[in-house]
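Report on one structure; see the data block that follows.
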Amino acid sequence: MSDSSPRRLPRGRSALSPEEVERIQRSRLCAAMAEVMAEKGYVATSVADVLQRSGVSRQSFYQVFDSKLDCFMAAFDVARELLVQHLLEMIGADEAGRPTAGAGGAAGDAMDRFEQGFTAYLEALAIELPYTRLFLIEVYAAGPEAIRRRADLQNMITDVLADLLGVRDDAGRFTCRMIVAATSTLVTNAVADNDLDALRAVGPPLVRNVRTLWEAGAFRHRPVPG
């Protein structure tokens with residue numbers, strides 16, 4: 008787990024506001040949900056497991072969340088925010104995916120930017136492995152709404168990739184969607200096995216194949232001969 012893990016509340020009376028207490032408890036519960044599910048899976052994870060890992064009381068849990076699923080959905084949102092934050096920081100981009108001033112992501116050709124961005128994406132998955140497992144694997148056990156949010160996240164990653172490559176037309180965006188979907192499939196086994204080496208090893212061969220697609224014009228619209 009990253010250094011962003013929430014801190015435990017102090018014992019006894021606290022000078023923190025009720026809103027700050029709830030925020031800390033929510034953060035602890037989301038982190039605990041991701042960590043326990045990485046070990047046991049969504050179905051086998053109980054509210055009691057989450058409480059034991061987080062150190063939050065059952066009463067406090069139900070003041071913040073309605074159910075295990077509600078906690079899972081909040082943890083999924085945390086996973087999305089952490090992934091996007093790590094990815095944009097690593098490629099040197101703002102929240103719209105545009106390179107920031109002086110960022111390395113602004114230099115080089117499109118494929119150089121892609122290689123940098125894709126390597127950063129895999130590293131972000133590795134850094135937040137419990138949350139990565141949550142949105143890549145356990146999401147399917149959590150039901151339709153969770154799967155819809157996963158699709159929204161994949162679309163957001165597609166947008167970042169398209170912006171990174173300067174892709175504007177529908178054909179190029181479809182190619183970006185294919186790459187994001189293929190990446191998800193390729194990394195899932197490594198994430199399931201908690202194998203960071205295998206996760207990072209997806210990078211070089213996929214980058215080579217994307218370069219081949221780029222050189223073949225797969226990201227650029229070509230008018231049909233008249």
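When we follow my numbering, the leftmost residue of the sequence shown carries the number 8, and every step to the right adds one.
In this text, a Cβ means the ideal position worked out from N, Cα and C, and glycines have one as well.
These numbers come from a predicted model, not from an experiment.
Cβ of Ala86 within 8 Å of Cβ of Glu135?
-> As a working note, residue 86 is residue 79 in the sequence shown. As a working note, residue 135 is residue 128 in the sequence shown. In this structure, the beta-carbon distance from Ala86 to Glu135 falls below 8 Å.
Coarse secondary structure for Gly111, derived from DSSP in three states = Here residue 111 is taken as the residue at index 104 of the sequence shown, counted from 1. At Gly111, the pLDDT of 43 sits below 50, so the modelled position is not reliable; the number obtained from the coordinates is stated separately. The answer is helix: DSSP assigns Gly111 an H, G or I state.
Should Ala82 and Ala41 be called a contact, given that it needs their Cβ atoms to be closer than 8 Å?
-> Within the sequence shown, numbered from 1, the residue matching residue 82 stands at position 75. Within the sequence shown, numbered from 1, the residue matching residue 41 stands at position 34. Yes, Cβ-Cβ distance for Ala82 and Ala41 is below 8 Å.
Distance, Val217 Cα to Val28 Cα | Your numbering for residue 28 matches position 21 in the sequence shown. Your numbering for residue 217 matches position 210 in the sequence shown. Rounded to whole angstroms, the gap between the alpha carbons of Val28 and Val217 is 47 Å.
Does DSSP put Thr52 in a helix, in a strand, or in coil?
-> Numbered from its first residue, the sequence shown carries residue 52 at position 45. The answer is coil: DSSP assigns Thr52 none of H, G, I, E or B.
Thr219 classed as buried or exposed, judged by whether at least 16 other C-beta atoms fall within 10 angstroms | On the sequence shown, position 212 is the one that residue 219 refers to. Around the beta carbon of Thr219, a 10 Å sphere encloses fewer than 16 other beta carbons of the protein chains shown; the residue is thus reported as exposed.
Looking at the structure shown, is Arg175 part of a helix, part of a strand, or coil, going by DSSP?
-> Taking the first residue of the sequence shown as position 1, residue 175 is located at position 168. In the three-state DSSP reduction, Arg175 falls in the coil class, being neither helix nor strand.
Considering only the beta carbon of each residue, do Glu145 and Met44 sit closer than 8 Å?
-> Against the sequence shown, residue 145 aligns to sequence position 138. Against the sequence shown, residue 44 aligns to sequence position 37. A contact, by the Cβ cut-off of 8 Å.
Report the three-state DSSP secondary structure of Ser7 (helix, strand or coil).
-> Outside the modelled stretch of the chain, which goes from 8 to 233, sits residue 7, for which no answer is possible.
Thinking C-alpha only, which one of Thr165, Asn196, Asp176, Tyr49 is nearest Ala149?
-> In the sequence shown, residue 149 corresponds to position 142, counting from 1. Of Thr165, Asn196, Asp176, Tyr49, the residue nearest in Cα terms is Tyr49.
Given a cut-off of 8 Å, decide if Phe121 and Leu172 are closer than it, judged by their beta-carbon atoms.
-> Counting from 1 along the sequence shown, the entry for residue 172 is found at position 165. Counting from 1 along the sequence shown, the entry for residue 121 is found at position 114. It is a contact, given that the beta carbons lie within the stated cut-off.
Got a sec? Which residues, its chain only, sit under 7 Å from Ala108 by beta carbon, not counting five neighbours each side?
-> The residue given as residue 108 occupies position 101 in the sequence shown. Reliability fails at Ala108, whose pLDDT of 46 lies under 50, so the model's placement of it is uncertain and the value that follows must be treated cautiously. Once the five neighbours on either side are set aside, Ala108 has no close Cβ partner at all.
Touching by the beta-carbon criterion (3+ pairs, under 8 Å), the region 180-192 and the region 208-217 | Result yes; three or more Cβ-Cβ pairs closer than 8 Å.
Where does the unbroken alpha helix (DSSP H) through Ser34 begin, and where does it stop?
-> As a first step, residue 34 is located in the sequence shown; it is residue number 27 there, counting from the start. Element bounds for Ser34: 25-47.
Please name the residue in Val194, Gln161, Gln32 whose C-alpha comes closest to that of Phe181.
-> Within the sequence shown, residue 181 is the residue found at index 174, counting from 1. The candidate whose alpha carbon is nearest that of Phe181 is Gln161.
In this structure, does DSSP put Gly124 in helix, strand or coil?
-> Translated into the one-based positions of the sequence shown, residue 124 becomes position 117. Here Gly124 sits in helix by DSSP.
Assigned secondary structure, Arg91 (DSSP; H/G/I helix, E/B strand, else coil) | Within the sequence shown, residue 91 is the residue found at index 84, counting from 1. According to the sequence as given, residue 91 is Val; it is not Arg. If DSSP states are grouped into helix, strand and coil, Val91 belongs with the helices.
Any non-hydrogen atom of the ligand NAP within 7 Å of Leu136 CB = Annotation note on the ligand NAP: not contained in the displayed structure, which lists no ligands.
For Phe72, does the three-state DSSP call read helix, strand or coil?
-> In the sequence shown, counting from the first residue as 1, residue 72 sits at position 65. Residue state, collapsed to three classes: coil.
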